[in-house]
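**Student:** Residue numbers (the working numbering): 90 to 204.
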Amino acid sequence: MFRLGFASDLELTLMPQLIAVLRSEAPGVRVVGHLADPRDVENALDEGRLDLALGCFNPRGNRLLIRIIYQQELRCVWPPDQLPIKPPLTRSHHLSASHVADGPSKIALDLQLFV
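#1: Would you please verify whether the beta carbon of Ala133 is less than 8 angstroms from any beta carbon of chain C?
#2: Just reading off the alpha helix (DSSP H) that Val34 is part of, what are its end residues?
#3: Buried or exposed, going by whether 16 or more other CB atoms sit within 10 Å of the CB of Leu134?
#4: So which of Met90, Asp129, Phe146 has the shortest CA-CA distance to Leu111?
#5: Are there 16 or more other CB atoms within 10 angstroms of the CB of Val189, so buried, or fewer, so exposed?
#6: Going by DSSP in three states, Arg156 sits in which element: helix, strand or coil?
#7: Going by beta carbon distance, what residues of the same chain come within less than 6 angstroms of Pro119, once the five residues before and after it are set aside?
#8: Go ahead and label Gly150 buried or exposed: buried means 16 or more other beta carbons lie within 10 angstroms of its beta carbon, across all protein chains shown.
#9: Can you name the start and end residues of the beta strand (DSSP E) that Leu93 belongs to?
#10: My output table needs one value for Leu143: the three-state DSSP class, helix, strand or coil.
#11: Using the three-state DSSP reduction, which class does Leu124 fall into: helix, strand or coil?
#12: Whether or not the segment 168 to 178 and the segment 126 to 143 are in contact is what I'm after, with contact meaning three or more pairs of Cβ atoms, one per stretch, closer than 8 angstroms; do they touch?
Following this line, the structure appears as structure tokens:
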């Protein structure tokens with residue numbers, strides 16, 4: 090049995106395809122998906138609670154092997170009649186704004202978007 094840790098909604102996206110491949114290529118392999126907290130993923134791997142983690146993780150140090158498996162494009166969408174933001178919203182504009190985020194279970198609110 091392999092225990093896979095997934096960040097966010099990746100389990101919903103990847104598990105159906107992974108299970109389909111395993112059924113035909115490795116029918117005896119069992120995989121269990123778990124929600125992986127990015128703040129605990131290193132400990133979960135070290136302690137054997139997870140065998141592999143998939144997500145946007147930034148491990149401390151260099152003792153874990155990391156491979157980028159795909160690039161993701163992030164888009165910002167808003168109703169122009171409700172938020173007074175003038176396009177284009179550039180990457181430098183976004184990166185210069187004050188952001189508050191404390192992990193996946195918290196809501197991030199960019200107050201500068203509403204000023």
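Glycine residues also receive a C-beta, built at the ideal position from the N, C-alpha and C atoms.
**Tutor:** In short:
#1: Protein chain content of the structure displayed is limited to a single chain, and chain C is not contained in it.
#2: This structure gives no information on residue 34, because the portion of the chain shown stretches from 90 to 204.
#3: Counting from 1 along the sequence shown, the entry for residue 134 is found at position 45. Burial state of Leu134 is buried, judged by a 10 Å Cβ sphere holding 16 or more other Cβ atoms.
#4: As a position in the sequence shown, residue 111 is number 22, starting the count at 1. That would be Met90, whose Cα lies nearest to the Cα of Leu111.
#5: Residue 189 sits at position 100 when you count from the first residue of the sequence shown. Summary for Val189: the model assigns pLDDT 44, below 50, so the residue's position carries little reliability; its value from the coordinates is reported in the next sentence. By the 10 Å Cβ count, Val189 comes out exposed.
#6: Numbered from its first residue, the sequence shown carries residue 156 at position 67. Coil.
#7: By 1-based counting over the sequence shown, the position of residue 119 is 30. It should be pointed out that residue 119 corresponds to Arg in this sequence rather than to Pro. Hits under 6 angstroms: Met90.
#8: Indexing the sequence shown from 1 puts residue 150 at position 61. Exposed, by the Cβ-count rule.
#9: Along the sequence shown, read from residue 1 onward, the residue named residue 93 stands at position 4. Counting along the chain, the beta strand (DSSP E) containing Leu93 begins and ends at 91 to 95.
#10: Position 54 of the sequence shown, counting from 1, holds the residue named residue 143. Strand, per DSSP.
#11: The sequence position of residue 124 within the sequence shown is 35, counting from 1. Reduced to three states, the DSSP call for Leu124 is strand.
#12: The way I'd put it, the segment 126 to 143 doesn't touch the segment 168 to 178; fewer than three beta-carbon pairs between them come closer than 8 angstroms.
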